[in-house]
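Heads up: the protein sequence lines correspond to chains S and L, in order. Number 256 in the numbering used here belongs to position 263 of the first sequence; there are no gaps in the numbering. Number 249 in the numbering used here belongs to position 256 of the second sequence; there are no gaps in the numbering. Glycine is no exception: its CB is placed at the ideal position from the N, C-alpha and C atoms. Everything numeric in this text was worked out from a predicted model, so none of it was measured. Below: the structure, in structure tokens.
2 protein chains.
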Amino acid sequence: MDTYIDRHIERFRGELESFLEIPSVSTDPDRAGDVRRCASWLADRLRDGGANEATLVPTAGHPIVLAQYVASGDAPTVLVYGHYDVQPSSPDDLWTSPPFRPTVRGERIYARGAADDKGQVHMHLKALEAVLATTGRMPLNVTLLIEGEEEVGSPSLAKFVAENRRRLACDAVLISDTTMLAPEAPAITIGTRGLVYAQVTVRGPRRDLHSGHYGGAVSNPANALGRIIGALLDAGGRITVPRFYDRVRAVTRREAESLRRMPPAEASVQAQTGVPAAGGEAGIDALERIWFRPALDVNGMQSGFTGEGAKTIIPAEATAKISMRLVADQDPDDVAQAFTDHVRGLAPAGVTVEAHVLQRARPWSAEPDHPTFRVAEAALAGAFGTAPVYTRVGGSIPIVPQLAEALGVPILLLGFNLPDGNIHAPDESLHLGVYQRGIRALAHVYRGLAAALYRSR
Amino acid sequence: MDTYIDRHIERFRGELESFLEIPSVSTDPDRAGDVRRCASWLADRLRDGGANEATLVPTAGHPIVLAQYVASGDAPTVLVYGHYDVQPSSPDDLWTSPPFRPTVRGERIYARGAADDKGQVHMHLKALEAVLATTGRMPLNVTLLIEGEEEVGSPSLAKFVAENRRRLACDAVLISDTTMLAPEAPAITIGTRGLVYAQVTVRGPRRDLHSGHYGGAVSNPANALGRIIGALLDAGGRITVPRFYDRVRAVTRREAESLRRMPPAEASVQAQTGVPAAGGEAGIDALERIWFRPALDVNGMQSGFTGEGAKTIIPAEATAKISMRLVADQDPDDVAQAFTDHVRGLAPAGVTVEAHVLQRARPWSAEPDHPTFRVAEAALAGAFGTAPVYTRVGGSIPIVPQLAEALGVPILLLGFNLPDGNIHAPDESLHLGVYQRGIRALAHVYRGLAAALYRSR
């Protein structure tokens, strides 16, 4: 199998480049056609690669690609989840090469979606091709559920999962949409944070006003938004939304142990970002803040005149996109309501405030006790030469808690992004050595899971 | 004279439209050619209208248009100041008709610059034409100084004034760049606020980060900017910059009297803007806040992702444009320094803050005791049917304190913008009845000043 993969790696890369060239930006309504084209491309490649079936399932938004590789007899089933949509590429001028013209520099390929998540989805396709080509048959059933709305909060997915439990029934779930520690240090992720992502709009005068003629006489929506944002975190970095911490629990002994086994995070955060790791709650280690503590971040804001030079206006409105990352056992619906109420309460007189929740996801956490984790450990150790470590991520993968709840089976998060892979940022990249070793590891995971899942029945 | 004006008003309007069609946006480097073209157009029209000389004076930025109408003998001299540059038109989609396609609707002409200040400059040209055409000679010398950098803070003007005191020597200054109360209610302005306009930039990580992977571990520049903005005003609407109010003085008895003579401002501010007049300092009447109290306003801000939907990032930087309006006896240089120090001090750990002052202007205040004010009162009363009131403006006209200091002569601010003229905003307009009556009034001002200034020598 490894030989097959190594022999065909150039063709795989070429195919990956075609995948990355399609600007499947799900947040941008103007890109809806590209998103659909990307779904069709993916279904075609799945059929080319030996899937017994690959269809586009329509949703209210972008289609889901659903594919099946069928094994003979009473084989166990693995459900693979991924997404073919990508984040917006803006600001494009900060990319070294254009975001949708995949470009190899050094050991990496640079493009929007290279790591998140097209590159990792493509590794599964090629691993399955290698298994089929070298053994002549599927050792287990594989259902692939590749959605096109992950970057807009997966609005159609929960409904689809709820209505298709039988179609999605499986013995384990496999997802590659997370990060490893270094090109030779694989990781299995056992925790993700939840999310509430809101848009807050402050409105004042019915149109922009001259800041001289009215300054001091009317409430300024941009000042008000600054005041609101400033009040959302206290001086110690704690979120001021009432009852926010009620369901945030202290780390368990096992969790604390997993933190101790990791390299110091402050230094690596500093190296990756260029800033002192000074965010979040005072007195708590950086990795614990990312893995086990909630966070509140302004993701963007806009008001009034932002061009060159000076325009003297009181803006008619000001808007901010504010996300909260949640940890066990916070409930996104409760947090969304408390946040909305709190923000409205912070509005000064003379302006109105609206808060719309755009996305929400539950936090998720697992214990790596099921035999499937042993299969993944062995496959990753074989391909990368090092045993994987168990990690958590500060990000959110909405499907994980949804599938955990709906299907009640173990979920394996085997991720191949690197910490400096710049996902959601300019110059996103995938390490090509990791791409090749990852395909090998996944091929072994598919073969190993067949045996382990038979045994654990 | 009035008959001449009425007979030629259609031609005047057509010429005004040509003036307004030139997008002389001084803040936009891409419009530098249009600004220059506008200056040439204006000099040509001055020569057409009988100016003995009209030249473009180069500066480090946009040219000054300098023109002279020369009277015979030992006549007094009036210096007229105005500006031919305009504010940016953005957001263009909020204009009912395009900002640089002058359009008449009802009694008004709509275009960027219609009121601020091209329309008012043009009234002077036509008043001078009427005086010359109907009397056959200039009753006094008139120097016109029409600059192209008012909307960028007049960076070249102070130097020009200082270096050309002899050329600008005069017995009185006449400026039309202010607002009247209503189409039949003329005003003479005797106070303007000063200005410090700064750009504040907060920088954090070297590039945008995934808000899941790093949220809670690094300081977020957008959160930090919100915190800074929120801290610049206290809960009572007072500016928190240290020593800010040290040189703000209480209103005099005469000033308090002028406030009492004005209609209630809260209601008119509310009608004009659509918001309760809730800005600024608690417990002080709205008009007093605009005329006699300082203000601090965010004019614009930008950070991170501001497109459709949700992008989960911690932005690398956040920026805001913040203006402060100053009143007697505040010094812009002192305020600029105190603001810059204060803002830097408000930065949380993990981000850096830069503050650049883009514009500064002194506050100005006059007492209407000189005989020139009587001339203006009579001319305005004659043309509009109502005696003018003495008002102040919350805006800044940098040239006024500069000329007051450099020339030591009375300054008459005779303005023809209306409170709902939307200057610095979409759908800027000039009332065409005011345009016609204003030209008449100015023609009488020119004739009356000749006699008054002879007498007061």
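Beta-carbon gap between residue i and residue j smaller than 7 Å
i: Ile416 of chain L; j: Leu150 of chain L; result: no
i: Val211 of chain S; j: Ala270 of chain L; result: yes
i: Ala460 of chain L; j: Ala434 of chain L; result: Nothing can be reported for residue 460 of chain L, as the shown portion of chain L is limited to -6 through 450.
i: Gly302 of chain S; j: Val145 of chain L; result: yes
i: Ala354 of chain L; j: Arg236 of chain L; result: no
i: Arg101 of chain S; j: His424 of chain S; result: yes
i: Leu49 of chain L; j: Ala36 of chain L; result: yes
i: Ser11 of chain S; j: Val28 of chain S; result: no
i: Ser90 of chain S; j: Tyr103 of chain S; result: yes
i: Gln113 of chain L; j: Thr299 of chain S; result: no
i: Asn45 of chain S; j: Thr305 of chain L; result: no
i: Ala191 of chain S; j: Ile15 of chain S; result: no
i: Leu373 of chain L; j: Pro176 of chain L; result: no
i: Pro132 of chain L; j: Arg440 of chain L; result: yes
i: Trp88 of chain S; j: Pro394 of chain S; result: no
i: Gln352 of chain S; j: Leu225 of chain S; result: no
i: Ala120 of chain L; j: Ile432 of chain L; result: yes
Minimum C-alpha distance to residue i - residue among the options
i: Ala443 of chain S; options: S:Leu407, S:Ala165, S:Leu9; result: S:Ala165
i: Ser(-4) of chain L; options: L:Arg448, L:Glu301, L:Ala436; result: Reading the sequence as shown, one finds Thr at residue -4 of chain L and not Ser. Comparing Cα positions, the closest option is L:Ala436.
i: Ala215 of chain L; options: L:Arg196, L:Pro179, L:Gly209; result: L:Arg196
i: Tyr455 of chain L; options: S:Thr182, S:Thr266, S:Leu226, S:Leu218; result: Nothing can be reported for residue 455 of chain L, as the shown portion of chain L is limited to -6 through 450.
i: Leu252 of chain L; options: L:Leu35, L:Phe285, L:Ile222; result: L:Phe285
i: Cys163 of chain S; options: S:Pro256, S:Arg254, S:Ala217, S:Leu405; result: S:Leu405
i: Thr136 of chain S; options: S:Val71, S:Met173, S:Ala175, S:Thr245; result: S:Val71
i: Leu174 of chain S; options: S:Glu8, S:Glu250, S:Val382; result: S:Val382
i: Glu310 of chain L; options: L:Asp201, L:His115, L:Gln192; result: L:Asp201
i: Leu9 of chain S; options: S:Leu87, S:Met116, S:Val73; result: S:Met116
i: Val234 of chain S; options: S:Pro356, S:Asp23, S:Val328, S:Asp86; result: S:Val328
i: Pro308 of chain L; options: L:Asn213, L:Val189, L:Gly26; result: L:Asn213
i: Arg199 of chain S; options: S:Gly99, S:Gly338, S:Gly297; result: S:Gly297
i: Leu39 of chain S; options: S:Ala217, S:Glu122, S:Val154; result: S:Glu122
Contacting residues, own chain, Cβ-Cβ under 6 Å from residue i (five flanking each side not counted)
i: Gly184 of chain S; result: Ser358, Arg385
i: Ala32 of chain S; result: Leu49, Pro56, Val58, Gly141
i: Thr171 of chain S; result: Thr182, Val386, Leu406, Gly408
i: Gly106 of chain L; result: Leu13, Val79
i: Leu167 of chain L; result: Val71, Val73, Leu405
i: Gln429 of chain L; result: Ile2
i: Pro403 of chain L; result: Ala165, His363, Thr365
Classification of residue i by the beta-carbon crowding that lies within 10 angstroms, buried from 16 upward
i: His349 of chain L; result: exposed
i: Pro95 of chain S; result: buried
i: Ser82 of chain S; result: buried
i: Asp41 of chain S; result: exposed
i: Ala369 of chain L; result: buried
i: Ser422 of chain L; result: buried
i: Lys152 of chain L; result: exposed
i: Asp21 of chain L; result: buried
i: Asp290 of chain L; result: buried
i: Asp67 of chain S; result: exposed
i: Thr128 of chain S; result: exposed
i: Ser65 of chain S; result: exposed
i: Thr245 of chain S; result: exposed
i: Glu398 of chain L; result: exposed
i: Gly378 of chain L; result: exposed
i: Glu156 of chain L; result: exposed
Cutoff 8 Å; reference residue i; Cβ partners in own chain excluding five residues on either side
i: Pro287 of chain L; result: Arg186, Ile232, Phe237, Tyr238, Val241, Met317, Arg318, Leu319, Val320, Gln323
i: Ala445 of chain S; result: Pro364, Thr365, Arg367, Val368
i: Pro54 of chain L; result: Position check: residue 54 of chain L holds Gly in this sequence, whereas Pro was assumed. Taken in chain order, the residues that qualify are Ser19, Gly141, Glu142, Val145, Pro148, Ser149.
i: Glu274 of chain S; result: Gly229, Gly230, Arg231, Arg282, Arg286
i: Thr333 of chain S; result: Ala191, Ala348, Val350
i: Ala25 of chain S; result: His55
i: Asp278 of chain L; result: Leu252, Ala258, Glu259
7 Å Cβ shell around residue i - same chain, five flanking residues per side excluded
i: Ala108 of chain S; result: Asn410, Gly414, Ile416, Glu421, Ser422, Leu423
i: Gly205 of chain S; result: Thr305
i: Val63 of chain S; result: Asn45, Met131, Asn134
i: Pro92 of chain L; result: Ser82, Asp85, Ala104, Arg105
Spell out a yes or no on whether the stretch 135 to 144 of chain S and the stretch 221 to 230 of chain S are touching, meaning 3 or more CB-CB pairs, one atom from each, closer than 8 Å. Result no; under three Cβ-Cβ pairs closer than 8 Å.
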